[in-house]
Amino acid sequence: MRVCIVFDSKRGATRQIVQWMVEALEEMEGIEVVARGPEGTEPFDYDLLVIGSPIYFERPMKSMSEFVAAQASSMHYQRVAVFILGWAKCLYQSAEKHIEKSYFGPLVKGFSNELVSTHMFRGWIRKKDREQENESKDWILRVARMV
Ligand SMILES: Cc1cc2nc3c(=O)[nH]c(=O)nc-3n(C[C@H](O)[C@H](O)[C@H](O)COP(=O)(O)O)c2cc1C
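The opening position of the sequence shown corresponds to residue 63 in our numbering, with each subsequent residue numbered one higher.
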């Protein structure tokens with residue numbers, strides 16, 4: 063399998079992540095991997111294209127968005143994977159942990175074997191809310207199918 067990782071980095075973290083990815087892939091048999099910046103123009107012919115960017119000021123790096131916008135049509139690949147880096151992950155992770163422990167915790171305690179799914183809705187329904195209507199229907203149907 064041929065893998066191409068296209069990435070950009072300002073301060074080196076994305077470059078480090080890519081280096082680790084390349085090390086891991088090189089240990090797998092049958093994988094050929096190249097990593098490069100978004101400025102290259104060689105034609106693409108890969109099984110897997112991996113796109114990586116840090117987030118700065120709420121956006122991926124311009125070089126990477128431009129790479130995707132400008133070059134996507136001339137690339138040949140079977141599959142695409144995308145990764146990003148950013149401190150927002152810590153905020154979401156700590157929120158997720160808090161929700162799991164303090165919000166769901168008292169309600170799921172003691173159901174460890176029986177519990178099939180938990181889900182949090184945004185709530186605050188003041189007028190017709192199609193999004194939460196669909197979300198609630200989807201969720202209860204998924205739960206019903208699991209049982
Ligand atoms: C000036 C500045 C702005 C940033 N803005 C965001 C942001 O809006 N959202 C986010 O999740 N991370 C943000 N980050 C965190 C970076 O995405 C993170 O440090 C990343 O590892 C940088 O990757 P790099 O070292 O490859 O450039 C910001 C970092 C800096 C220094």
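A virtual CB, placed ideally from N, CA and C, is assigned to each residue, including glycine. This structure is a prediction, so every number in the text was calculated from the model and none was measured.
Extent of the continuous alpha helix (DSSP H) to which residue i belongs
{"i": "isoleucine 79", "result": "75-88"}
{"i": "arginine 188", "result": "No alpha helix (DSSP H) holds arginine 188; DSSP gives it neither H nor E."}
{"i": "phenylalanine 129", "result": "124-133"}
{"i": "proline 116", "result": "Per DSSP, proline 116 belongs to no alpha helix (DSSP H); it is in the beta strand (DSSP E), 108-118."}
{"i": "isoleucine 93", "result": "Run containing isoleucine 93: none; DSSP gives neither H nor E here."}
{"i": "arginine 204", "result": "192-208"}
Cβ-Cβ separation, residue j to residue i (assumed contact under 8 Å), whole Å
{"i": "isoleucine 146", "j": "proline 116", "result": "7 Å"}
{"i": "valine 95", "j": "valine 84", "result": "5 Å"}
{"i": "leucine 111", "j": "methionine 137", "result": "6 Å"}
{"i": "tyrosine 118", "j": "cysteine 66", "result": "Contact doesn't hold; Cβ gap of about 23 Å is too wide."}
{"i": "glycine 102", "j": "isoleucine 79", "result": "About 19 Å; that fails the 8 Å criterion."}
One or two residues paired with residue i in a DSSP bridge
{"i": "arginine 121", "result": "Tyr118"}
{"i": "arginine 64", "result": "Glu94"}
{"i": "phenylalanine 166", "result": "Looking at the DSSP assignment, phenylalanine 166 forms no beta bridge with any residue, so it has no partner."}
Segment limits, beta strand (DSSP E) that includes residue i
{"i": "leucine 147", "result": "139-147"}
Requested in this report: Report yes or no: do three or more beta-carbon pairs, one from the region 178-187 and one from the region 196-209, lie closer than 8 Å?
Outcome: yes
Query raised in the report: Listed in chain order, which residues are found with a beta carbon closer than 7 Å to a heavy atom of ligand 1?
Result: That query returns the following residues: Ser71, Lys72, Arg73, Gly74, Ala75, Thr76, Arg77, Pro116, Ile117, Tyr118, Phe119, Glu120, Leu147, Gly148, Trp149, Ala150, Lys151.
Query raised in the report: Counting pairs of beta carbons, one from the region 136-143 and one from the region 153-169, are three or more of them closer than 8 Å?
Result: Counting Cβ pairs under 8 Å, fewer than three are found: no touch.
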